[in-house]
Amino acid sequence: MNVEKLKSAVREVLPSVDAVIGYCNGSDPLRAEPCFMKDEKLVEEMILNPLCVHNLTSYLPAEKRRVAVVVKGCDSRSLIQLLQEGLVKRENVVIIGVPCRGVVSVKKVRAAVGHEKVLSVAFEGDAVIIKTASGEKELALSDVSPAKCATCQYPTPLLYDVLTGDPVEPGKPADQVYDDVRKIESMSLPERRAYWEKELGRCVRCYACRNACPLCVCTESCIAETREPHWMSQKATEREKMMFHLIHALHLAGRCTECGECERACPMNIPLGLLKKKINMEMLELFGYKAGTDPTDKPPLFTFRPDEERIEEHKLP
Amino acid sequence: MPDIETNREMRIVGFLCNWCSYGGADTAGVSRFKQPTDLRVVRVPCSGRVDPLFVVKALLSGADGVLVSGCHPRDCHYSEGNFYARRRLEMLKRFLPFIGIDDRRFHYTWVSASEGQKWQQTVTAFTKEIHELGPRQDKEEILVER
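Protein chains in written order, with the numbering used here: chain A, 83 to 399; chain B, 32 to 177.
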């Protein structure tokens, strides 16, 4: 992640677009903030480090202007998916790719320093140095990065107009991507039920997961909130919470690119990505499809084959 | 058919397409085939109309089983509705166990308007299976009163 190269790329692109979406320093040292840059003065304030966790492509479906956007490997998959579905027009977006060696999870860092106030953050190689009132603490980036980084298969963006920095080779074990799903599947049905009741029971129905999701594009007409049809009530019961998360997961079937924004946005630390990963695992097995890897592809549930090779008819006993 | 021991009916929701399966169920009725009475039928224009969320909503609202039936593949009244349905419903069937719902509580199949006999067999077998699975154990707090 080379910020100088990024800045020069942004300066070059800026005259041809209405805005550039990138990152700048946020409200405290541990947080970066998405920023929309229209003139060159702001470009100086751009940052690029493992704090740049946001998936900026979430802004694109609602964006009317022609913009340039900074994308990491995982973000580029979301963008490809949006392009596939026609939710973003290719001619309206300039893609500035940044190869990425992993980001941090703010929640994990905060936990690692005992939720003390962070005074400054520095990065040296693969180490994260956090300064708090009680001293300096050095953490390994891999210890405080979100789960998605541990099995990242696409550290270099798959689609870009400009690539700033040298491509990063994917070196993470590919067969471990769905290990967390398999862990749940090793439980019995009642155990799984209890697991999800415990996890989803914490949900406060803030809908941050939906709002952060780059592929949740219904905005005002989301069926979780419409009264006609009335899919869900406003009650905070387990049933309604489960229903909401199943709506989210099933609406992302064959579309989710596992960018992890739902989990990052969740204030209650619910492993929401798992629901979507399970469906993705099945999509891979049934249709050999991986969302957001090929702009010319079509999501598997948007299409069909008259003879489905891998779907067998279910027989009743 | 109420369970002999508990004298209780199960709640089974059926989504049948207007053109084939609903006709098939009608054929079974007109032919006076004996059928269990646990199934409540919802007629939909096409199996492609069945959103996987219909099934989820039914199960979360306390249904003991959900049956979806449409025209045989290649025989859809709208040419391709059931092809889409097949992909979606297969995805759902594989997903349900992940959240702790037994996938035997959900079945999807194809029954044409002339297959009264097949309809009877399907309903009988599915109802029997649901009776064997018993009422949902996991729904104390999600259940509406019986």
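Cβ coordinates follow ideal geometry from the N, Cα and C atoms, glycine included.
Contact between the region 137-152 of chain A and the region 197-210 of chain A (3+ Cβ pairs under 8 Å): Touching, no, given that fewer than three Cβ pairs across the two stretches are closer than 8 Å.
Proximity of Thr485/A and Val175/A at Cβ, strictly below 8 Å: With chain A covering 83 to 399 only, the question about residue 485/A has no answer from this structure.
Buried versus exposed, by CB contacts within 10 Å (16 or more), Ala318/A: In the first sequence, counting from the first residue as 1, residue 318/A sits at position 236. By the neighbour-count definition (other C-beta atoms within 10 Å, threshold 16), Ala318/A is an exposed residue.
For Glu111/B and Ser109/A, the rounded distance between their alpha carbons: One-based indexing of the first sequence puts residue 109/A at position 27. One-based indexing of the second sequence puts residue 111/B at position 80. Distance between Ser109/A and Glu111/B, taken at the CA atoms: about 52 Å.
is_contact[Gly131/B, chain A] using C-beta, thresh 8 Å: Locating residue 131/B in the second sequence gives position 100, where the first residue counts as 1. At least one chain A Cβ lies under 8 Å of Gly131/B.
Interface positions of the region 335-352 of chain A facing chain B (Cβ-Cβ less than 8 Å), listed along the chain: Within the region 335-352 of chain A, the residues whose Cβ lies closer than 8 Å to some Cβ of chain B are Ala335, Gly336, listed in chain order.
Selection of the region 92-123 of chain B by Cβ proximity to chain A, strictly under 8 Å: The residues in question are Ser92, Pro104, Arg105, Glu111, Phe114, Tyr115, Arg117, Arg118, Arg119, Glu121, Met122, Leu123.
Neighbour-count burial assignment, Gln166/A, 16 or more Cβ in a 10 Å radius: Translated into the one-based positions of the first sequence, residue 166/A becomes position 84. Flag for Gln166/A reads buried.
Secondary structure of Ile352/A, DSSP reduced to three states: Sequence index remark: in the first sequence, residue 352/A carries index 270 (1-based). For Ile352/A, the three-state secondary structure derived from DSSP is coil.
Proximal chain A residues relative to His138/B, where beta-carbon distance stays under 8 Å: Numbered from 1 along the second sequence, position 107 holds the residue referred to as residue 138/B. For His138/B, the residues of chain A that pass the 8 Å Cβ criterion are His396, Leu398, in the order they occur in the chain.
Cβ distance (whole Å) where Tyr371/A is taken to contact Met365/A below 8 Å: Looking up residue 371/A in the first sequence gives position 289. Looking up residue 365/A in the first sequence gives position 283. Contact flag correct, Cβ pair sits at about 5 Å.
Under 8 Å by beta carbon: chain B residues contacting Lys360/A: Locating residue 360/A in the first sequence gives position 278, counting from the first residue. In chain order: Phe126, Phe129.
For Cys234/A, three-class secondary structure by DSSP: In the first sequence, the residue the question calls residue 234/A occupies position 152. Coil, per DSSP.
Rounded distance between the beta-carbons of Arg321/A and Leu123/B, thought under 8 Å: Reading the second sequence from its first residue, position 92 is the one you call residue 123/B. Reading the first sequence from its first residue, position 239 is the one you call residue 321/A. With 8 Å as the limit, Leu123/B and Arg321/A do not qualify as a contact, their Cβ atoms being about 18 Å apart.
Chain B residues whose Cβ lies nearer than 9 Å to that of Leu332/A: For the purposes of this step, residue 332/A is taken as the residue at position 250 of the first sequence. What Leu332/A touches in chain B: Asp82, Pro83, Leu84, Val87, Arg119, Met122, Leu123, Phe126.
Short Cβ contact (8 Å threshold) for Arg287/A with Lys323/A: For the purposes of this step, residue 287/A is taken as residue 205 along the first sequence, with counting starting at 1. For the purposes of this step, residue 323/A is taken as residue 241 along the first sequence, with counting starting at 1. Result yes, Cβ atoms of Arg287/A and Lys323/A sit closer than 8 Å.
Cβ contact check for the region 42-61 of chain B and the region 85-100 of chain B: 3 or more pairs under 8 Å: The region 42-61 of chain B and the region 85-100 of chain B touch, with no fewer than 3 CB-CB distances between them shorter than 8 Å.
Contact list for Ile266/A against chain B, beta-carbon separation under 8 Å: Counting from one through the first sequence, the residue named residue 266/A turns up at place 184. The answer, in chain order, is Phe129.
Stretch-stretch touch, CB-based, cutoff 8 Å, three pairs: the region 140-156 of chain B with the region 48-66 of chain B: In short, these stretches touch, since the Cβ pair count reaches three.
Reduced DSSP secondary structure (H/G/I, E/B, other) of Tyr289/A: Position 207 of the first sequence, counted from the first residue, corresponds to residue 289/A. Three-state DSSP puts Tyr289/A in coil, outside helix and strand.
Residue-chain proximity (Gly157/B, chain A), Cβ-Cβ < 8 Å: As a first step, residue 157/B is located in the second sequence; it is residue number 126 there, counting from the start. Just to set this straight, residue 157/B is Phe in the shown sequence, not Gly. Judged by the 8 Å Cβ criterion, Phe157/B is in contact with chain A.
Pro388/A at chain B interface by Cβ criterion, 8 Å: Here residue 388/A refers to the residue found at position 306 of the first sequence. Closer than 8 Å to some Cβ of chain B, the Cβ of Pro388/A qualifies, so yes.
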